[in-house]
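Enquirer: Protein sequence lines correspond, in order, to chains A and B. Note that the UniProt record's numbering has the first sequence beginning at 1, numbered continuously upward. Note that the UniProt record's numbering has the second sequence beginning at 1, numbered continuously upward. Input: one structure, supplied below.
Protein chains: 2
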Amino acid sequence: MTTSGERVRRAALELFAERGFHGTGIRQLAERAGLSSASLYHYMGTKEDLLVELMRTSLDRLVAAADAVLLAHDDPTSRLVALVRLHVTSHAERPLETRVVDDEVHALSPQRRAEVVALRDRYEAAWREVIDDGLAQGAFAVESAAVARRALLEMCSGVARWFDPAGPTALPALAEQYAGLALRLLGAETATDASGPRRVDADTPSPV
Amino acid sequence: MTTSGERVRRAALELFAERGFHGTGIRQLAERAGLSSASLYHYMGTKEDLLVELMRTSLDRLVAAADAVLLAHDDPTSRLVALVRLHVTSHAERPLETRVVDDEVHALSPQRRAEVVALRDRYEAAWREVIDDGLAQGAFAVESAAVARRALLEMCSGVARWFDPAGPTALPALAEQYAGLALRLLGAETATDASGPRRVDADTPSPV
DNA sequence: GCCTCTCGATCGATCGATCGATAGCATAGG
DNA sequence: CCTATGCTATCGATCGATCGATCGAGAGGC
């Protein structure tokens, strides 16, 4: 059984992802959730509160998963592979959440935005640590760690905008491809074979 | 001298990029342009017409520049480097245009969206051709041309969201870095040195 | 006397949000 | 067992504000 509260959140997720926060009206939200617009307010604060809640839920999970990755792995290469798998998998499996998080930050008031951005920064700090360590240890070789990190994050986030579960590439294979692309981009020394996927950490279960 | 029409377009560009299409009101637009909301309509059709015009202008330039790249270069490697330079440079120099194009497509009605998406697809077709050719000729080595193309485009587009002209990396150097990252990601055979920038085509002037 | 440009006033529609009321269900008091 | 009380869930009606857009009018140059 799904509760009305869950239906409200689901409706908001779908509509915010599809039409954007400002493009979604309270009445559309209510209709999608199967409620009147008045009843909506029994399950949420303001419309912005609802958006923040969706973002926080999504980012909390991502941050926790990233922390788990750092705990489960030691060397920068396997950590990076695990982070890429995590990011690609979660963006492909939850495109609505991640699209809302990535695209609707601008709709938040300054205070709420700061809160959400702080969470996002905490997540990206894991990437920063891994890439910096890899550079310091000589496992990676790039001119700028900051540039490489941003390039990698944007590249992996894009998956949420085009991945189709019914498409030619299954998700696990896609995550492996991205891990290989990321290692090559970083100049990882293990990347000598130009075409095959890299199986640095094949027996780790999907962390999301 | 700047005409009122130019000021309207500039205001729309800034506000659509900052607050989004649906987050920008006609009256904000007018205030930023230094006009009344009624006068606005002397220089535009509907608000959506204005958005489409901004997108088309930006995409037309991008498509023309990509076509010029294909004309000016023959082999896939130098073509790809030129495309990356073009994309990164234009996204860094015109972050407002590119953010509007990349983020506000969802605000368009189906017909207008189809028109804009067709333009964007025409641009991306240049990337597809270059990557497919490079794979066929053995210059690149990736599992999936489609995956690599999307990863590259997302990675390069992200520049518009964070590049700071006053930051530590100047734009030409950044474009070179991205060209190097892209070649490594594609498994280009020339990418043997792991750290230095690649100067495959250093004497081509910036095409945007 | 047209043509370009600008504006105040205002249109109907929709916005996010709140109100008081009602129905259903639980639990406690007699 | 009955009913009084209180809590959860729901809604129609409506609030003031703002939305995108239009109107007729005026100002100024050609």
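In this text, a Cβ means the ideal position worked out from N, Cα and C, and glycines have one as well.
Among 94/A, 56/A, 39/A, whose alpha-carbon lies nearest the alpha-carbon of residue 119/A?
Expert: 56/A
Enquirer: Smallest Cα separation from residue 93/B: which of 170/B, 127/B, 138/B?
Expert: 170/B
Enquirer: Quick one: which unbroken alpha helix (DSSP H) runs of 4-plus residues sit fully inside the region 114-171 of chain A? Chain order, please.
Expert: 145-157, 159-162
Enquirer: Residue 178/B versus chain A: which residues are under 8 Å apart at the beta carbon?
Expert: 147, 151
Enquirer: Within the same chain, show all residues whose beta-carbon is closer than 6 Å to that of residue 159/A, passing over the 5 residues directly before and after it, in chain order.
Expert: 88, 91, 92
Enquirer: Does the beta carbon of residue 121/B fall short of 8 Å from some heavy atom of the ligand ATP?
Expert: The ligand ATP is not part of the structure shown, which contains no ligands of any sort.
Enquirer: Quick one, are the C-beta atoms of residue 209/B and residue 51/B less than 9 Å apart?
Expert: This structure cannot speak to residue 209/B, because chain B is shown only from 1 to 208.
Enquirer: Cβ of residue 85/B less than 9 Å from any chain A Cβ?
Expert: no
Enquirer: Work out the CA separation of residue 33/A and residue 10/A for me, nearest whole Å.
Expert: 8 Å
Enquirer: Tell me which residues share the same chain as residue 6/B and place their Cβ nearer than 8 Å to its Cβ, disregarding the 5 neighbours each side in the sequence.
Expert: Cβ within range, chain order: n/a, list empty.
Enquirer: Which bits of chain A does residue 184/B rub up against, with CB to CB less than 7 Å?
Expert: 184, 185, 187
Enquirer: Could you name the residues of the same chain whose beta carbon sits closer than 7 Å to that of residue 96/A, not counting the 5 residues immediately before and after it, in chain order?
Expert: 13, 14, 17
Enquirer: What separation, rounded to the nearest whole angstrom, lies between the Cα atoms of residue 37/A and residue 19/A?
Expert: 18 Å
Enquirer: Should residue 181/A be flagged as near chain B, meaning a C-beta pair shorter than 9 Å?
Expert: Closer than 9 Å to some Cβ of chain B, the Cβ of residue 181/A qualifies, so yes.
Enquirer: How about the region 146-154 of chain B and the region 59-67 of chain B: do they share at least three Cβ pairs that are nearer than 8 Å?
Expert: no
Enquirer: Write down every uninterrupted run of the alpha helix (DSSP H) in the UniProt domain "HTH tetR-type" (2-62) of chain A whose length is 4 residues or greater and which is fully enclosed by it, in chain order.
Expert: 4-19, 26-33, 37-40
Enquirer: For chain B, find out if any of its Cβ atoms is closer than 9 Å to the Cβ of residue 11/A; answer yes or no.
Expert: no
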